[in-house]
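These notes are about the structure you will find just below.
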Amino acid sequence: MQQIVIAWLLLGLLGACAAPAPPAADTPEQSGQAGHRMGASDEPYDALFIDSMIVHHQGALDMAEAALAEAQRPELREMATAILATQQAEIEQMQAWRAQWYPDLPPTSGMDMDMGPMEVATDSPDPFEIRFIDAMIPHHEGAVHMAEDALNNAEHAELKAMATEIIAAQQAEIAQMRQWREQWQ
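Heads up: the sequence shown runs through residues 999 to 1183, numbered per our numbering.
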């Protein structure tokens, strides 16, 4: 009797293994959306990117303002000032494009990408400068990843040009912060 039960279980398992797998429902690869989530099908990529990058830049602005208030090192304060100027200008440009290109489109669901931390840790004994660098490097890496995605998927040439600028500026800042982190530890 026990052998019959085992035989039926094995047959059931073999049948399950032999059955073709059902097609995956709308995988990113099938929909041409590998690397990001487009949200609803009626949400244009450029609008998704703009809405997400504005939120991302706002996180960087908040961290840069904290650096101006708390950082002791003048070079980090200088970088924070540059981040504030550059990213505020980019936010304003993206808001203008959003209004021009998608005047009737409500806010999108955003892109499902790791944007990195959105604030400087306060629960660490490290000096502010180190905590800022430890937060801003992955934050910038998230922006670089998003901008690289835009180079491949954005419709508007202006947005691709901004993505190229974001990549160059933030990779340079990442390199500088890594150098400072080594020097300041």
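Where a beta carbon is used, it is the ideal one built from N, C-alpha and C, also for glycine.
Straight-line gap, residue i to residue j (C-alpha atoms, nearest Å)
| i | j | result |
| --- | --- | --- |
| residue 1141 | residue 1125 | 25 Å |
| residue 1031 | residue 1132 | The predicted model places residue 1031 with a pLDDT of 38, which falls under 50 and marks its position as unreliable, so this point remains unresolved. |
| residue 1183 | residue 1073 | 15 Å |
| residue 1128 | residue 1173 | 14 Å |
| residue 1037 | residue 1106 | In this prediction, residue 1037 has a pLDDT of 43, which is less than 50 and means its spatial position is unreliable; nothing more can be read from the coordinates. |
| residue 1085 | residue 1079 | 10 Å |
| residue 1175 | residue 1135 | 7 Å |
| residue 1048 | residue 1083 | 18 Å |
| residue 1091 | residue 1169 | 21 Å |
| residue 1145 | residue 1158 | 8 Å |
| residue 1070 | residue 1161 | 31 Å |
| residue 1087 | residue 1123 | 34 Å |
| residue 1081 | residue 1102 | 31 Å |
| residue 1064 | residue 1089 | 19 Å |
| residue 1148 | residue 1121 | 34 Å |
| residue 1062 | residue 1118 | 9 Å |
| residue 1067 | residue 1177 | 22 Å |
| residue 1137 | residue 1057 | 9 Å |
| residue 1100 | residue 1060 | 27 Å |
| residue 1075 | residue 1104 | 37 Å |
Expected contact under 8 Å - CB spacing of residue i and residue j to nearest Å
| i | j | result |
| --- | --- | --- |
| residue 1077 | residue 1180 | Not confirmed; about 16 Å, so no contact. |
Where the alpha helix (DSSP H) containing residue i begins and where it ends
| i | result |
| --- | --- |
| residue 1127 | 1126-1151 |
| residue 1054 | 1043-1068 |
| residue 1157 | 1155-1182 |
| residue 1103 | Counting along the chain, residue 1103 falls outside any alpha helix (DSSP H), and DSSP gives it neither H nor E. |
Any non-hydrogen atom of the ligand FMN closer than 7 Å to residue i Cβ
| i | result |
| --- | --- |
| residue 1078 | As presented, the structure is devoid of all ligands, the ligand FMN included, so that no description of it is given. |
| For the 8 Å Cβ check, are there 3 or more pairs between the stretch 1042-1056 and the stretch 1089-1103? | yes
| request: Would you be able to state if there are at least three C-beta pairs under 8 Å between the stretch 1126-1146 and the stretch 1158-1165? | output: yes
| query | Taking three-plus beta-carbon pairs below 8 Å as touching, is the stretch 1145-1153 in contact with the stretch 1040-1048? | reply | yes
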